[in-house]
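Encoded as structure tokens, the structure appears first; notes follow it.
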Amino acid sequence: MAGAEAPDFGPLAEDYDRLRPVDENWWELVDLLLSEGDLAGRRVLDVGCGTGRLAAALVERGARVWGVDPSEEMLALARAAGGGRVGFKLGHAEALPFKDGWFERAVLRLVVHLVDRPRALAELVRVLQPGGRAVIATFTPDHFEWYWLTDVLPEVAEVDRRRFPTPDALAAELEAAGFAFVRTRTLRQRARLSRADALERIRGRYISTLRLLDDETFAAGLARAERELPEEIETPLEWAVLTAEAGAQ
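Those letters in the sequence shown? Residues 4 to 252, by our numbering.
Structure, rendered in structure tokens:
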């Protein structure tokens, strides 16, 4: 079932943003979410908001944002950094703590692989106004073939190929949940990082997938990375950004 391989994000909270620094690629995706989702000036729900960094960025660009996340630790950081500009609630995507039709828009960035999608997408339809729009950012299957971590920890790609839906499969799930006018756009980026930064990220288990590996597999991958990673790493990123409109309720 979707979401069956979702770790506890509490232990990730303290170092979550530090190990994922904002860069030009991050802002490029934010701008694409804003334009595809028509988020500026709208009442927006950020599902799986984590530390609230995306929610804060959307507020800066003119949206009115509420965030929801199942991790108390993540939300504590979000509230501390939010400055009262974002309303945050504890809750799960499968049971959103909001009334029917309350939002004009919803945004999910790297969330759909963590949830029970049939239930979560049905909840999105419920809390969106008729004609409201959801915008979803996820990775394409090719992303896992090319990403730098795959070379030293191929088990990460194996886990994520199971967890992440293909864009076509996700589009079908959106339609089954009651969404219409589903559209997919692909965003290709290139990222660079140093060997030192890459090793720090691995050691900090900076992505949730690393928390799903057993200790022996993780240790072997870390040792391989310490032996084999070059001083400078360049890696492609490939995003699928889907938009869909909620039907009449």
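Even glycine gets a Cβ: it sits at the ideal position worked out from N, Cα and C.
In the structure shown, Trp-69 falls within a strand segment according to DSSP collapsed to helix, strand and coil. Here Glu-97 carries a coil assignment [DSSP, helix/strand/coil]. Note that the C-beta distance between Leu-22 and Val-138 is not below 8 Å.
In this structure, the alpha-carbon of Pro-239 lies about 21 Å from that of Arg-206. Rounded to the nearest whole angstrom, the CA to CA distance from Phe-147 to Ala-201 is 16 Å.
Boundaries of the alpha helix (DSSP H) harbouring Thr-220: 218 to 231, taken from the DSSP string. Val-89 and Glu-248 have their C-alpha atoms roughly 24 Å apart. DSSP links Lys-92 through a beta bridge to Val-71. When secondary structure is reduced to three states using DSSP, Asp-154 falls in the helix class. Residue pairing for Thr-212: DSSP places it in no beta bridge. Beta-bridge partners assigned by DSSP to Ile-139: Leu-111, Leu-245. The Cβ-Cβ distance between Arg-186 and Leu-245 falls below 8 Å. The distance from the Cβ of Arg-122 to that of Glu-97 is about 4 Å, consistent with a contact at the 8 Å cut-off. Per the coordinates, the alpha-carbon of Arg-164 lies some 18 Å from the alpha-carbon of Arg-191. Each of Phe-12, Glu-178, Pro-144, Asp-26 was checked against the Cα of Glu-241, and the nearest Cα belongs to Pro-144. Distance check between Pro-14 and each of Arg-214, Ala-228, Ala-194 places Arg-214 closest, using alpha-carbon atoms only. A Cβ-Cβ contact shorter than 8 Å links Thr-141 with Leu-113.
Boundaries of the beta strand (DSSP E) around Val-47: 46 to 50. Around the C-beta of Asp-49, 16 or more other C-beta atoms lie within 10 Å, and the residue is accordingly described as buried.
Beta-bridge annotation (DSSP): Ser-197 is paired with Glu-235. Residue environment analysis places Phe-184 among the exposed positions, since fewer than 16 neighbouring C-beta atoms fall within 10 angstroms of its C-beta. Beyond the five residues adjoining it in sequence on each side, Glu-176 comes within less than 8 Å, by CB distance, of Arg-120, Pro-121, Leu-124, Pro-168 in the same chain, given in chain order. Inclusion of Pro-233 and Arg-193 in the CB contact set at 8 Å is not warranted, their separation being larger than that value. Out of Val-68, Arg-195, Gly-94, the CA that lies nearest to the CA of Glu-76 is found in Gly-94.
One thing to note: Gly-70 has its Cβ no nearer than 8 Å to the Cβ of Gly-87.
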